[in-house]
Amino acid sequence: MRRVYSRFSELLLVDCTHKTNRYNYQLLTFMAMNEFGEGTVVQHSLIEANGDWHMERAIAHFKRLHPSRINMLRVIMVDKDLNEIRVLESNFPDARVLICHFHVIKYLKEMRSKPEFCKISGDDASQIDAAVHKMVYAGSEDVYDAAYVALHGICDRIGFQDFFSYFERNWDTCQDRWVMYRRSNLPHFKNHTNNRLESFFGKLKDGVDSSMSMSACVKALVSHDKRVENEYKYRISRIGQFSNSSYDEEMSVVLRFTTHYVATQVEAEYCRALEKADVYHYDVDQNDTNVVTVSGKFTEHKLQALRTTQLIASEMADITDPEEFSEMVEFVLTQWRNVRQRKRTSQEEENLTQASGIKSPLKIRLNPKARKVGAPKKKKTKKVASERKDRKWFEAAEAGRKKAGEVSLQGLMDSLDHDQPSLTETQRRLSGVVVKYSDADKKKPKFKKLKNPVLILDPFYVLPSKLLNACLAALPVANSQETAISVDASQSQTTRDSREDPKIIEVIQIKDVGNFSRSQIELFKRVENLKTCVQLGFDMHKWLTQDGIPSLPAEYHGIGSKVAEDIQASYPRKRILGLPCDHDFEYAMLYRAIPPTWLTDASIRALCLRLVTDYPACRFAGFQSATSKAKRTRKDDDVVLDKHIRDRVIAQAAEPGVDTVLLPLNFSSAHWCCVVVKVSAKRIYYYDPLNQAPYRNAARAVATHLKIAGLNDFDAIVMNNPIQFDAYSCGVRFELFYYILTGHLLPFEGTHEAEDDETEEKMPAPVEVGGHKDPNEDNERKGADGGEDVPPTQVAE
Numbered sequence: 001m002r003r004v005y006s007r008f009s010e011l012l013l014v015d016c017t018h019k020t021n022r023y024n025y026q027l028l029t030f031m032a033m034n035e036f037g038e039g040t041v042v043q044h045s046l047i048e049a050n051g052d053w054h055m056e057r058a059i060a061h062f063k064r065l066h067p068s069r070i071n072m073l074r075v076i077m078v079d080k081d082l083n084e085i086r087v088l089e090s091n092f093p094d095a096r097v098l099i100c101h102f103h104v105i106k107y108l109k110e111m112r113s114k115p116e117f118c119k120i121s122g123d124d125a126s127q128i129d130a131a132v133h134k135m136v137y138a139g140s141e142d143v144y145d146a147a148y149v150a151l152h153g154i155c156d157r158i159g160f161q162d163f164f165s166y167f168e169r170n171w172d173t174c175q176d177r178w179v180m181y182r183r184s185n186l187p188h189f190k191n192h193t194n195n196r197l198e199s200f201f202g203k204l205k206d207g208v209d210s211s212m213s214m215s216a217c218v219k220a221l222v223s224h225d226k227r228v229e230n231e232y233k234y235r236i237s238r239i240g241q242f243s244n245s246s247y248d249e250e251m252s253v254v255l256r257f258t259t260h261y262v263a264t265q266v267e268a269e270y271c272r273a274l275e276k277a278d279v280y281h282y283d284v285d286q287n288d289t290n291v292v293t294v295s296g297k298f299t300e301h302k303l304q305a306l307r308t309t310q311l312i313a314s315e316m317a318d319i320t321d322p323e324e325f326s327e328m329v330e331f332v333l334t335q336w337r338n339v340r341q342r343k344r345t346s347q348e349e350e351n352l353t354q355a356s357g358i359k360s361p362l363k364i365r366l367n368p369k370a371r372k373v374g375a376p377k378k379k380k381t382k383k384v385a386s387e388r389k390d391r392k393w394f395e396a397a398e399a400g401r402k403k404a405g406e407v408s409l410q411g412l413m414d415s416l417d418h419d420q421p422s423l424t425e426t427q428r429r430l431s432g433v434v435v436k437y438s439d440a441d442k443k444k445p446k447f448k449k450l451k452n453p454v455l456i457l458d459p460f461y462v463l464p465s466k467l468l469n470a471c472l473a474a475l476p477v478a479n480s481q482e483t484a485i486s487v488d489a490s491q492s493q494t495t496r497d498s499r500e501d502p503k504i505i506e507v508i509q510i511k512d513v514g515n516f517s518r519s520q521i522e523l524f525k526r527v528e529n530l531k532t533c534v535q536l537g538f539d540m541h542k543w544l545t546q547d548g549i550p551s552l553p554a555e556y557h558g559i560g561s562k563v564a565e566d567i568q569a570s571y572p573r574k575r576i577l578g579l580p581c582d583h584d585f586e587y588a589m590l591y592r593a594i595p596p597t598w599l600t601d602a603s604i605r606a607l608c609l610r611l612v613t614d615y616p617a618c619r620f621a622g623f624q625s626a627t628s629k630a631k632r633t634r635k636d637d638d639v640v641l642d643k644h645i646r647d648r649v650i651a652q653a654a655e656p657g658v659d660t661v662l663l664p665l666n667f668s669s670a671h672w673c674c675v676v677v678k679v680s681a682k683r684i685y686y687y688d689p690l691n692q693a694p695y696r697n698a699a700r701a702v703a704t705h706l707k708i709a710g711l712n713d714f715d716a717i718v719m720n721n722p723i724q725f726d727a728y729s730c731g732v733r734f735e736l737f738y739y740i741l742t743g744h745l746l747p748f749e750g751t752h753e754a755e756d757d758e759t760e761e762k763m764p765a766p767v768e769v770g771g772h773k774d775p776n777e778d779n780e781r782k783g784a785d786g787g788e789d790v791p792p793t794q795v796a797e
């Protein structure tokens, strides 16, 4: 098959294979491409070793056989062997030596996994492989530079600088050999790998093995070459012509004197020319048929229109009568408007209709259920999609980094906390952080303490919410008894377990995912919490604009709109002005004021502190945990009120100038009640937004305990307005009740305070417990004795 190279001399595939004889001689094969798009062997050489001298002898023999076609060689495809590349470049200076893409990716993977660099996790390794793959198949210089920068950033973040230095020193300097866009102008016939030569070796090994003698090996090679030559001669000399039912007349003519492979290459250019047939003219030169003049139709139309308008303008300029000139100009403008609107006169349309004689267009009904002809499509085998999946995640991570403006999650969170952008900008930057490993949502993470573990060092994603919560549950408490921080002692006096090795790291292991440190899990949760806060902020802005502001009186719409704009323009972690400098008093605290969420203790505490600041006569005693009981027992060992809170309330009530003492009651982070001591009125108010006996009895017990402990002259009075009718607004009713008792509800109602007890007594259904009998007390006692259960009001997050 030597004559194939004499006909197709632009491309040469070169490679060696082993185990073809018992003497360990290597088989060096040169392969060319024929007109059928198939690889054809043009020379076999059995060499003792893959060295320079042996390669030189084989190449010299190849040159002697094709002295007139050597200079036409343009592309040589080889594997990663640098010895072959050096010898081939010295013997074929006009040819470009290209490295097989498959071997480039494979070799860089092998180098990446070598121990002299360092051991990295599978997730980080997949990012490096994806960056290398993107550089190999880069279609332009910009794509290559972007992948190069991405690889540099990944290696820098995970401590893999040695590998990047190796890549920069050995591969980046020879992009012409392996980068896709660098070989786009070469006649490689879409050969970017040595797959044709490797396929030939695989078929050859069916008849050749390492137990054969040299003569048997040569005999097998000659017989195989003879058989292939006979098949090639038969295909060339057979009578008939190729046909393709999908080709038109022009492509059928091309296929008639070529092969399917050649016609396929021509078809792409032919289809591209047909797509532009409406835009360009293709005129064959009369003197030289090999020259085709390509001109644009719109350019020709413009030139012809310019000649026409110039002719009209020159004729109209010769008209001396002004009226005639004006009429002619108006006529030309009318015709121009018709041309602009692509209209024709009715007389022309009528003449065309009469000349054609067609009354209506032909209607053809197509059957959508017609039987399909031709051979059915073959089912393609499913390929392993792990590497393709990793490349998609790499692209998503790079796009997310570009959108976020940072390359790491820690950098993104620090940048957001420093810049404190608006809610919209925060959502845009956080949208680049995707959720990965959604299929591992039900995995059970394990907590371990390891020395020098292999961690995923460069994650730009978060774990699913369920899996992340399981990881947090698996982590022990960070501040243990051995590492407790002493506030009074100095730093040198704080105790620490000296037996623990500082190199030991707390690790969360997730099967089929990887290893994460405590700081990474906490960072994931931090990002997830910020995403949740941003969504709650948008929900609050939507609720204010659609439901909240329209329900207010007209004079409050301006204030409501300002509040909505302030919510949207503020960062969720921005501190609220007018409150103490505390991490709890942020804008994210306000997002929980809308249904179906409920206010947290931070909102209640902020309200109490704000009332204390606005009204010097108010005091805040702190939070008191309370419990409700379904049944009343004679013996009750539970502590109704903590001693220090009780003493604080009594002391604050005794201070001069103090009129109101606020004491919120929390029921297992699920419900809020309150107790208010009004010093001037000598009353202890207790209030339950749900107005249910179990909660009201617990609040009454606190009020009674205060009365007995030191406020003997005070009366305990129950309040039942405003009433809660849902399962999540107890905090809102609670705060509204506090505002009512301070005498200040809305800004436009003034800031006057109640001068006497009339304000409180106007509240519906006040019931005294100290000096008067409660008419509903018997009914409540019966309900409590009958085992009344607390209805489900809220579910704590």
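Following the UniProt record's numbering, the numbering of the sequence shown begins with 1 at its first residue and continues without gaps. Ideal Cβ placement from N, Cα and C applies to all residues, glycine included.
Original post:
Is F189 buried or exposed, if buried means 16 or more other CB atoms sit within 10 Å of its CB?
Top reply: By 1-based counting over the sequence shown, the position of residue 189 is 189. Result: exposed.
Original post:
Taking the Cβ atom as the reference point for each residue, do V677 and T660 lie within a distance shorter than 9 Å?
Top reply: For this step, residue 677 is matched to residue 677 along the sequence shown. For this step, residue 660 is matched to residue 660 along the sequence shown. Yes, the Cβ-Cβ distance between V677 and T660 is below 9 Å.
Subject >> Local Cβ density within 10 Å of D439, reported as buried at 16 or more and exposed below that >> reply: For this step, residue 439 is matched to residue 439 along the sequence shown. With fewer than 16 Cβ atoms within 10 Å of its Cβ, D439 is classed as exposed.
Original post:
Secondary structure at E38, three-state DSSP: helix, strand or coil?
Top reply: If you number the sequence shown from 1, residue 38 lands on position 38. Looking at E38 - three-state DSSP - the assignment turns out to be coil, as it is neither helix nor strand.
**OP:** Would you list the one or two residues that DSSP bridges to A693?
**Re:** To locate residue 693, count along the sequence shown from 1; it is residue 693. A693 pairs with nothing; no bridge assigned.
Original post:
Does the Cβ of W178 have 16 or more other Cβ atoms within 10 Å, making it buried, or fewer, making it exposed?
Top reply: On the sequence shown, position 178 is the one that residue 178 refers to. So W178 counts as buried.
Original post:
Between the Cα of Q427 and the Cα atoms of Y148, T532 and I508, which residue gives the shortest distance?
Top reply: Residue mapping note: residue 427 aligns to position 427 of the sequence shown, counting from 1. Among Y148, T532 and I508, the Cα nearest to that of Q427 belongs to T532.
Subject >> Residue-chain proximity (N515, chain C), Cβ-Cβ < 9 Å >> reply: In summary, chain C is missing from the structure at hand, where a single protein chain is found.
**OP:** Answer yes or no: do S409 and F524 have a C-beta to C-beta separation smaller than 9 Å?
**Re:** Here residue 409 is taken as the residue at index 409 of the sequence shown, counted from 1. Here residue 524 is taken as the residue at index 524 of the sequence shown, counted from 1. Sequence check: residue 409 is Leu here, not Ser. Yes, they are a contact pair.
Original post:
Taking DSSP as the reference, what is the three-state secondary structure of A754?
Top reply: For the purposes of this step, residue 754 is identified with residue 754 of the sequence shown, where counting begins at 1. Low confidence applies here, because A754 scores a pLDDT of 36, under 50, leaving its location unreliable and the question unanswered by this model.
Subject >> Distance between V78 and S9 (C-alpha atoms, nearest Å) >> reply: In the sequence shown, counting from the first residue as 1, residue 9 sits at position 9. In the sequence shown, counting from the first residue as 1, residue 78 sits at position 78. Looking at the two C-alpha atoms, the distance is approximately 16 Å.
**OP:** Please go through the same chain and pick out, in chain order, the residues whose beta-carbon is closer than 6 Å to the beta-carbon of R227, but skip the five residues on each side of it.
**Re:** Along the sequence shown, one-based indexing puts residue 227 at 227. So the list is empty, once near-sequence residues are dropped.
Original post:
What is the DSSP secondary structure of E735, counted as helix, strand or coil?
Top reply: As a position in the sequence shown, residue 735 is number 735, starting the count at 1. In this structure, E735 counts as helix in the three-state DSSP scheme.
Original post:
First and last residue of the beta strand (DSSP E) that includes N515?
Top reply: One-based indexing of the sequence shown puts residue 515 at position 515. Going by DSSP, N515 is part of the beta strand (DSSP E) stretching over G514 to S517.
Original post:
Just checking my contact of K443 with V513 at CB under 8 Å: how many whole Å lie between their CB atoms?
Top reply: Counting from 1 along the sequence shown, the entry for residue 443 is found at position 443. Counting from 1 along the sequence shown, the entry for residue 513 is found at position 513. Sure, about 7 Å apart at Cβ, within 8 Å.
Original post:
What distance in whole Å lies between the Cβ atoms of I105 and K80, which are believed to be in contact at a cut-off of 8 Å?
Top reply: For the purposes of this step, residue 80 is taken as residue 80 along the sequence shown, with counting starting at 1. For the purposes of this step, residue 105 is taken as residue 105 along the sequence shown, with counting starting at 1. Not quite, the Cβ-Cβ distance comes to about 10 Å (not below 8 Å), so this is no contact.
Original post:
Is the region 145–165 touching the region 455–475, taking contact as three or more C-beta pairs under 8 Å?
Top reply: With a cut-off of 8 Å, the region 455–475 and the region 145–165 count as touching, because enough Cβ pairs lie within range.
**OP:** Just grab the DSSP bridge partners of N666 for me.
**Re:** Here residue 666 is taken as the residue at index 666 of the sequence shown, counted from 1. Answer is S625 and W672, bridged to N666.
Original post:
If you draw a straight line from the C-alpha of I645 to the C-alpha of R605, how long is it?
Top reply: The count along the sequence shown starts at 1 and reaches residue 645 at position 645. The count along the sequence shown starts at 1 and reaches residue 605 at position 605. For I645 and R605, the distance between alpha carbons rounds to 15 Å.
**OP:** Round the Cβ separation of I567 and H557 to the nearest angstrom and send it over; I've been treating them as touching at under 8 Å.
**Re:** The count along the sequence shown starts at 1 and reaches residue 567 at position 567. The count along the sequence shown starts at 1 and reaches residue 557 at position 557. About 16 Å separates the two Cβ atoms, so there is no contact after all.
Original post:
Touching or not, the region 66–75 and the region 7–25, by the rule of three or more beta carbon pairs under 8 Å?
Top reply: Segments in contact, yes.
**OP:** Can you give me the Cβ contacts of E398 inside the same chain, cut-off strictly under 7 Å, excluding the 5 residues immediately before and after it?
**Re:** Translated into positions along the sequence shown, residue 398 becomes position 398. Cβ within range, chain order: A150.
**OP:** Note down, in chain order, each residue of its chain lying with its Cβ closer than 8 Å to the Cβ of M316, except the 5 sequence neighbours on either side.
**Re:** Here residue 316 is taken as the residue at index 316 of the sequence shown, counted from 1. These residues qualify, in order along the chain: F325, M328, V329 and V332.
Original post:
From R64 to A58, what does the alpha carbon distance come to, in whole angstroms?
Top reply: Working through the sequence shown from its first residue, we reach residue 64 at position 64. Working through the sequence shown from its first residue, we reach residue 58 at position 58. Each residue's alpha carbon lies about 10 Å from the other.
Subject >> N-terminal and C-terminal residue of the beta strand (DSSP E) that V75 is part of >> reply: On the sequence shown, residue 75 is found 75 positions in, with the first residue counted as 1. Start and end: V75 to V78.
Original post:
When we look at the beta-carbon of M214 and count the other beta-carbons within 10 Å, is it buried (16 or more) or exposed?
Top reply: On the sequence shown, position 214 is the one that residue 214 refers to. Exposed.
**OP:** Run the CB neighbour count on I312, radius 10 Å, all protein chains shown included, and call it buried at 16 or more, exposed below.
**Re:** Against the sequence shown, residue 312 aligns to sequence position 312. With fewer than 16 other Cβ atoms within 10 Å, it is exposed.
Original post:
Helix, strand or coil: which one does DSSP assign to Y234?
Top reply: The residue you call residue 234 lines up with position 234 of the sequence shown. The answer is helix: DSSP assigns Y234 an H, G or I state.
**OP:** Round the Cβ separation of A131 and I154 to the nearest angstrom and send it over; I've been treating them as touching at under 8 Å.
**Re:** Taking the first residue of the sequence shown as position 1, residue 131 is located at position 131. Taking the first residue of the sequence shown as position 1, residue 154 is located at position 154. Confirmed, about 6 Å.
Original post:
Near K449, what residues of its chain come up, given a Cβ to Cβ distance below 8 Å and the 5 sequence neighbours on each side ignored?
Top reply: Position 449 of the sequence shown, counting from 1, holds the residue named residue 449. Here the set comprises I504, I505, E506 and V507.
Subject >> Simplified DSSP state of residue 821, which is helix, strand or coil >> reply: Here the chain covers residues 1 to 797 and nothing more, so residue 821 does not appear.
**OP:** State the start and end residues of the unbroken alpha helix (DSSP H) segment that holds Y685.
**Re:** Here the question's residue 685 lines up with position 685 in the sequence shown. Unbroken run through Y685 is the beta strand (DSSP E), R683 to Y687; no alpha helix (DSSP H).
Subject >> Where the beta strand (DSSP E) containing I508 begins and where it ends >> reply: By one-based count along the sequence shown, residue 508 stands at place 508. Its beta strand (DSSP E) spans residues I504 to I510.
Original post:
Does the separation of the CB atoms of P595 and D688 fall below 9 Å?
Top reply: Against the sequence shown, residue 595 aligns to sequence position 595. Against the sequence shown, residue 688 aligns to sequence position 688. Cβ distance not < 9 Å, so P595 and D688 don't count as in contact.
Original post:
Assuming V208 and T29 make a contact with CB atoms under 8 Å, what is their CB distance in whole Å?
Top reply: Taking the sequence shown and counting its residues from 1, the one referred to as residue 208 is at position 208. Taking the sequence shown and counting its residues from 1, the one referred to as residue 29 is at position 29. The pair is not a contact, with the Cβ atoms about 12 Å apart (cut-off 8 Å).
**OP:** Using a threshold of 9 Å, state whether the C-beta atoms of H66 and S6 are closer than that.
**Re:** Walking along the sequence shown from the start, residue 66 turns up at place 66. Walking along the sequence shown from the start, residue 6 turns up at place 6. Contact flag set, yes.
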